[in-house]
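So the structure is just underneath, and the comments pick up after that.
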Amino acid sequence: MNLPANKKKISIVCFSGDFDKMVAAFTIASGAAATNREVTLFFTFWGLNALKKNKGRAATGNSFMAKAFNFLMGGLNNLPLSRLNFFGASPKLMTMMMKKHNVATLPELVEAAHALGVRIVACEMAMRILEVEQSDMIEEVEDVVGVATFLNDSEDAHIIFI
Amino acid sequence: MNLPANKKKISIVCFSGDFDKMVAAFTIASGAAATNREVTLFFTFWGLNALKKNKGRAATGNSFMAKAFNFLMGGLNNLPLSRLNFFGASPKLMTMMMKKHNVATLPELVEAAHALGVRIVACEMAMRILEVEQSDMIEEVEDVVGVATFLNDSEDAHIIFI
Amino acid sequence: MNLPANKKKISIVCFSGDFDKMVAAFTIASGAAATNREVTLFFTFWGLNALKKNKGRAATGNSFMAKAFNFLMGGLNNLPLSRLNFFGASPKLMTMMMKKHNVATLPELVEAAHALGVRIVACEMAMRILEVEQSDMIEEVEDVVGVATFLNDSEDAHIIFI
């Protein structure tokens with residue numbers, strides 16, 4: 002007799018804050034959740050930018066260095082393409098191309114993933130280094146967790162690093 | 002009694018079209034197939050370039066934006082190195098270094114993977130956004146599949162994102 | 002009756018030599034080892050730089066091309082950030098930010114991983130292409146292995162590509 006607890010799990014480490022890679026992460030997450038898998042997105046380093054409440058550039062943090070990094074990294078509306086970025090023009094063009102072909106845009110994907118029950122958590126260590134607080138982040142962030150906790154929760158999960 | 006259906010599976014999402022990462026993806030794929038695993042390579046976004054029939058730069062697509070992107074991304078012979086690319090000189094140098102040390106080059110790796118039974122499929126959504134048709138791609142592409150189908154096929158597979 | 006051999010395994014392909022991604026790889030590796038998993042780090046391509054004994058830039062190799070590549074790639078003290086690198090200034094700033102917040106620095110992470118029993122191996126093919134010898138690498142490198150051996154050893158492991 003199989004227990005219902007045997008649900009397949011996928012954990013995605015969202016390390017890169019690249020626009021295109023975030024589209025990929027959320028597409029995989031939503032697809033997996035829609036096919037009845039338990040999905041956790043763990044945002045760390047550059048990935049944290051995709052979760053900032055302030056979707057544009059903002060000097061978050063206390064120290065000068067943290068402020069400078071956070072400003073330069075930007076927010077959800079400033080994520081660069083991993084290639085051919087052209088100083089930020091390409092993500093906007095890419096969004097136009099996605100809309101034209103009726104593909105969900107990045108903010109729509111974030112919303113869909115959350116609605117489908119994808120768990121969104123932020124990395125405690127990266128938040129500490131970059132001086133980002135939970136209050137700086139969107140409401141969809143369920144929890145702030147350490148690496149050890151994330152790894153424990155992902156013991157039976159496939160781990161994907163994006 | 003174990004059924005022979007229990008063959009180990011590996012699915013590789015080939016997202017990046019970087020020369021060096023494609024070498025890594027095909028090397029892992031061939032190695033895994035040679036050791037009796039079922040391997041699927043799912044090409045999406047920049048990865049699509051490695052599958053274009055026209056191995057050089059070509060303005061594939063209908064809209065101006067798709068044409069521009071496809072031209073700039075190039076084909077199998079124009080994949081950049083993920084670092085120290087020097088405007089395309091480095092992948093050529095790297096190929097020379099691979100030949101010198103009798104390591105299979107990228108086109109040889111593609112051929113070997115196909116011969117070893119590695120399944121090569123292309124992402125439907127990325128093809129739609131970038132206006133790439135199956136007829137634009139090499140014959141080794143077995144199928145065009147959606148993300149949901151890919152995830153279903155990969156239910157028992159280890160998923161690697163490259 | 003569960004045999005003790007059933008220890009969970011994680012294999013990380015350290016392909017990228019980016020400073021931030023190496024911090025991520027070693028953090029995940031140490032975290033997993035500390036929670037009783039068997040972890041192997043397989044260093045290949047740019048990742049090899051993190052293992053060089055000479056932590057700065059050095060023209061390792063025999064041929065002119067290998068020397069040039071190895072010099073440009075640098076060593077553990079010259080790993081670039083994957084974004085906002087600013088010609089090498091940012092990894093130094095990031096290290097300062099890590100120290101300030103009592104987060105282990107990269108050399109400390111390498112040491113901790115080794116102490117926790119993480120297996121560190123180098124890719125035979127990449128060493129051949131880039132003309133790097135085992136004697137060029139730090140003592141913590143346990144073995145030089147081929148891709149096939151690595152894949153065999155990782156048969157029951159989750160494979161993460163960083």
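Chains as they are written, first to last, in the numbering used here: chain A, 2 to 163; chain B, 2 to 163; chain C, 2 to 163. All C-beta atoms in this analysis are idealised placements derived from N, C-alpha and C, irrespective of residue type, glycine included.
If the cut is a Cβ gap below 7 Å, which residues of chain D does residue i touch?
{"i": "K9(B)", "result": "Going by chain labels, chain D is absent from the structure shown, which instead holds the protein chains A, B and C."}
Flag this pair as yes or no: are the beta carbons of residue i and residue j separated by less than 8 Å?
{"i": "T54(B)", "j": "N78(B)", "result": "The question names Thr, yet the displayed sequence has Lys at residue 54(B). Contact: no."}
{"i": "L110(B)", "j": "V24(B)", "result": "yes"}
{"i": "F44(A)", "j": "S12(A)", "result": "no"}
{"i": "M98(B)", "j": "M99(C)", "result": "no"}
{"i": "H159(C)", "j": "I160(A)", "result": "yes"}
{"i": "L1(C)", "j": "L73(A)", "result": "The structure shown does not extend to residue 1(C), since chain C spans only 2 to 163, so no value can be given for it."}
Just curious, the beta strand (DSSP E) that residue i is in, first and last residue?
{"i": "K10(C)", "result": "10 to 15"}
{"i": "T41(A)", "result": "39 to 44"}
{"i": "I164(C)", "result": "Residue 164(C) lies beyond the stretch modelled for chain C, which goes from 2 to 163, so this question has no answer here."}
Taking the straight line between their C-alpha atoms, what separation do you get for residue i and residue j?
{"i": "E132(B)", "j": "L82(A)", "result": "18 Å"}
{"i": "T61(C)", "j": "K101(A)", "result": "50 Å"}
{"i": "V142(A)", "j": "I121(B)", "result": "36 Å"}
{"i": "N37(A)", "j": "V119(A)", "result": "11 Å"}
{"i": "N50(B)", "j": "A123(C)", "result": "29 Å"}
{"i": "D154(A)", "j": "A26(C)", "result": "18 Å"}
{"i": "L80(B)", "j": "M138(B)", "result": "15 Å"}
{"i": "L107(C)", "j": "T150(A)", "result": "21 Å"}
{"i": "L4(B)", "j": "K8(A)", "result": "Unreliable placement is indicated for L4(B), whose pLDDT of 46 sits below 50; the coordinate value is still reported in the next sentence. Going by the C-alpha atoms only, they are around 22 Å apart."}
{"i": "R58(A)", "j": "G76(A)", "result": "6 Å"}
{"i": "L52(A)", "j": "N103(C)", "result": "24 Å"}
{"i": "L94(C)", "j": "G89(A)", "result": "24 Å"}
{"i": "G48(B)", "j": "I130(B)", "result": "13 Å"}
{"i": "L152(B)", "j": "S136(C)", "result": "43 Å"}
{"i": "D144(B)", "j": "N71(A)", "result": "42 Å"}
{"i": "G18(B)", "j": "G18(C)", "result": "18 Å"}
Kindly list the residues whose CB is nearer than 6 Å to the CB of residue i, restricted to its own chain and excluding five residues on each side of it in sequence; keep chain order.
{"i": "D157(B)", "result": "K10"}
{"i": "G147(C)", "result": "E125"}
{"i": "V40(A)", "result": "I11, A30, A33, A34, V119"}
{"i": "E134(B)", "result": "none"}
{"i": "A113(A)", "result": "S31"}
{"i": "H115(B)", "result": "E141"}
{"i": "K68(C)", "result": "A60, G62"}
{"i": "S64(C)", "result": "none"}
Could you check where the alpha helix (DSSP H) with residue i kicks off and where it finishes?
{"i": "H102(B)", "result": "Taken as a continuous stretch (DSSP letters only), H102(B) belongs to no alpha helix (DSSP H), as it is neither H nor E."}
{"i": "R129(C)", "result": "125 to 131"}
{"i": "D21(B)", "result": "20 to 35"}
{"i": "D154(C)", "result": "148 to 154"}
{"i": "M66(A)", "result": "65 to 74"}
Excluding the five sequence neighbours on either side, which residues of its own chain have a C-beta within less than 8 Å of the C-beta of residue i, listed in chain order?
{"i": "M2(B)", "result": "Residue placement at M2(B) cannot be trusted, given a pLDDT of 42 that sits under 50; the coordinates are not used to answer."}
Residues in its own chain within less than 7 Å of residue i by CB, not counting five upstream and five downstream?
{"i": "F46(B)", "result": "F16, A127"}
{"i": "P92(B)", "result": "F20, L80, P81, L82"}
{"i": "T96(B)", "result": "T106"}
{"i": "K22(B)", "result": "S83, I163"}
{"i": "T28(C)", "result": "L110"}
{"i": "L117(C)", "result": "S31, A34, A35"}
Just to confirm, does residue i get its C-beta within under 7 Å of one of the non-hydrogen atoms of the ligand ATP?
{"i": "N79(B)", "result": "In the structure shown, the ligand ATP is absent, as is every other ligand, since no ligand is present at all."}
Short-range partners of chain B found in the segment 22 to 51 of chain A, where Cβ spacing is below 9 Å
K22, V24, A25, A26, T28, I29, S31, G32, A33, A35, T36, R38
Report the residues of the segment 97 to 113 of chain C with a CB closer than 9 Å to any CB of chain A, ordered along the chain.
M97, M98, M99, K101, H102, N103, V104
Could you name the residues of the segment 51 to 82 of chain B whose beta carbon sits closer than 7 Å to any beta carbon of chain C, in the order they occur along the chain?
none
Near-chain B residues of the segment 125 to 137 of chain C - C-beta to any C-beta below 7 Å:
M126, R129, I130
The segment 140 to 154 of chain A: which residues have C-beta closer than 7 Å to a C-beta of chain C, in chain order?
V148, A149, L152, N153
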